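In my numbering, the protein residues as written are 11 to 695. Following: one structure in structure tokens, then a few remarks.
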Ligand code: SF4
């Protein structure tokens, strides 16, 4: 969420009381008027024309249908009616949110099913609530946007360090307060339920607006949403509500559902696979092991028996020594990670303590019990944190239970010292839940190749796939690639003139147009190396994405968007390349330096091997390297055209783009500077 000054419209960062541009004090009241970048962009776009009578072909579409919208709605509805999954790539301007809602509601309402609409970010959920409100002018429909307790708990936010409390701690604190009737916001729920419900039915508030409304009544927004969601047609929630097994089962409980009466819509689905992998991956850091060991000294007697003569302190000490010795033996001088053989950790415990797998599991169970007791004591003392012994037991159990064929196990070194890492390469929890659910829409503006998505998400065989191109005039977007440059390391090392050619071309192209330009580098390192040349030769106002400096980057971005002849230098896949709208003249020209293949890692290699084994030689490279690179380029190019009137051009500075001409809809250029100048009609070369 970005916040904006009510006086001058500049970006104000969360937690700041004053505007960095005009210095205006940002009061609580004006903060309520703060808007996200997506909202501002939405307001600048021409509003679609609404219809007064429902169109029988799409009874839940409140606007005059744009080209292809009716067929998208009917494709989605038909797939859902048949209980099938549908995976779609839908270009800019197809109205993804409204068509998916219109289709999902048309399918679900007559069947008394609920729509669960999953978004990656809260600002995307705001857009869903806006569209629901538009639909409500045509048909009776209800909806609510939910978030986690961490965002909505009124009681705990007064506690110091509230933001960093783990969800399970917040949850158990909340349960304890509720059971003792010690939370005043919980005790008033029933008194205000009718009032909050009618606010939801008439206003379709964004999640934070609903929180504010509940706060003004002195009642708990989180619990209120739980109560109200049962009666709503649409529940809008962040991804984590299906990715996390615990949160998903709470959601299903709150909806009185076993999944059978749900229609699921997954927005920006291209992010889901990585999010699911991340959710199922985990680590055991040496810092955690050491903290658990320190915690042992606080236990009465200093030690405890785990099982069959295995004592707590030697057990954890062995893990600590093992991690150190694995790091020493496996990692070379400059290496940051190394593969571990299957079951090397378990095997070491077997031989050290002369126990078998069953006994090891018993040791971990006992460790968890001890951790559980410690957590209770910590809570009673008001320390509000989970015992490290408990965390360690949970992680060790996961390490033992997760299957080798779906995990890559490594030892790494990092800021936390040595770390055992189990990276999930094939998420099975969320995929098996989705597989069982009938009528799921997976959609994104950049999801091709769709068959890869279907395979990695292990969707049913009868899944429908569709691609809908952008309805905007094709001539408004021109994409070309250069064939005399590349960022391929081997070629750059063999021919040092490539680097100087790259920066000279960037400078010439930037100077050739009087439009806002974004330059995407493949890495911060390359951007940093070329910066001195670009600062000397690009005769424009220059802005830079700063690594790990989101605040400064957003300030620069804000200034760039206000101007009309600046150049913003950023990194492909960073905060600017995806998720920020640049309507109209805010962005007209993009230069993509190199092909953004993901850097090779042990995990990506294992994933690539797995896909080769499963789907044939070459599929690994295609799925793990090519598809994400093409997707990133399409996301970057997609920043150029957000409305029917926008015109934009992109130049890809890498001859390897010739391999992706069809996917990127691009052609070769031998005179990029002249092409750019003539596209924008500026004869400045
Ligand atoms: Fe927080 Fe609501 Fe739980 Fe009270 S009931 S502790 S306000 S989440």
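For each residue, glycine too, the CB sits at the ideal point set by N, CA and C. Since the model is a prediction, treat every value here as computed from it, not as a measurement.
- Annotation for residue 196 indicates a beta carbon within 6 Å of some heavy atom of the ligand SF4.
- Secondary structure of residue 247 (DSSP, three-state): strand.
- DSSP places residue 641 inside the alpha helix (DSSP H), whose first and last residues are 637 to 648.
- With a cutoff of 7 Å on beta-carbon distance, residue 143 and residue 214 are scored as near each other.
- The DSSP assignment places complete beta strand (DSSP E) segments of no fewer than 3 residues inside the segment 478 to 514 at 487 to 492, in order along the chain.
- When rounded, the separation of the alpha-carbon atoms in residue 244 and residue 679 is 48 Å.
- Nearest C-alpha to residue 254 among 210, 195, 287, 224: 287.
- Nearest to residue 557 by C-alpha distance, out of 257, 579, 616, is 579.
- Taking 7 Å as the cut-off, the Cβ atoms of residue 135 and residue 299 do not count as close.
- When beta bridges are read from the DSSP output, residue 274 appears opposite 126, 450.
- Secondary structure at residue 155: strand, using DSSP grouped into helix, strand and coil.
- Assigned with DSSP and collapsed to three states, residue 547 falls in helix.
- Residue 611 and residue 539 have their C-alpha atoms roughly 24 Å apart.
- Distance from the CA atom of residue 267 to the CA atom of residue 628, rounded to whole angstroms, is 42 Å.
- For residue 428, the enclosing beta strand (DSSP E) has its first and last residue at 427 to 434.
- By the criterion of a C-beta distance shorter than 6 Å, residue 80 is surrounded in its chain by 67, 68, once the five residues flanking it on both sides are discounted.
- Relative to the ligand SF4, the beta carbon of residue 417 is positioned no closer than 6 Å to any heavy atom.
- Distances from the CB of residue 187 to the heavy atoms of the ligand SF4 include at least one below 6 Å.
- The beta carbon of residue 670 is closer than 7 Å to those of 640 in its chain, skipping five residues each way along the sequence.
- Per DSSP, reduced to three states, the secondary structure at residue 359 is helical.
- Contact check for residue 666 and residue 498: beta-carbon distance about 7 Å, within the 8 Å limit, so the pair qualifies.
- Residue 82 carries a helical assignment under DSSP once its states are collapsed to helix, strand and coil.
- Under the three-state reduction of DSSP, residue 474 is assigned to strand.
- At a Cβ-Cβ threshold of 7 Å, residue 85 and residue 476 count as neighbours.
- In the structure shown, residue 295 falls within a strand segment according to DSSP collapsed to helix, strand and coil.
- Residue 419: member of the beta strand (DSSP E) spanning 417 to 424, first to last residue.
- DSSP places residue 98 in the strand class (E or B) of the three-state scheme.
- Per DSSP, the continuous beta strand (DSSP E) segment holding residue 580 begins and ends at 576 to 581.
- For residue 373, the uninterrupted alpha helix (DSSP H) run begins and ends at 367 to 390, by DSSP.
- Beta-bridge partners of residue 601 (DSSP): 529, 661.
- Straight across, the Cα-Cα distance linking residue 569 with residue 651 is about 20 Å.
- Checking the DSSP bridge columns, you'll see residue 343 has no partner listed.
- Residue nearest to residue 285 within the set 222, 563, 211, 467 is 467 (criterion: CA-CA distance).
- In the three-state reduction of the DSSP assignment, residue 317 falls in the strand class, which pools E and B.
- Note on geometry: alpha-carbon atoms of residue 511 and residue 462 lie some 36 Å from one another.
- Within the DSSP bridge table, the entry for residue 679 names 492 as partners.
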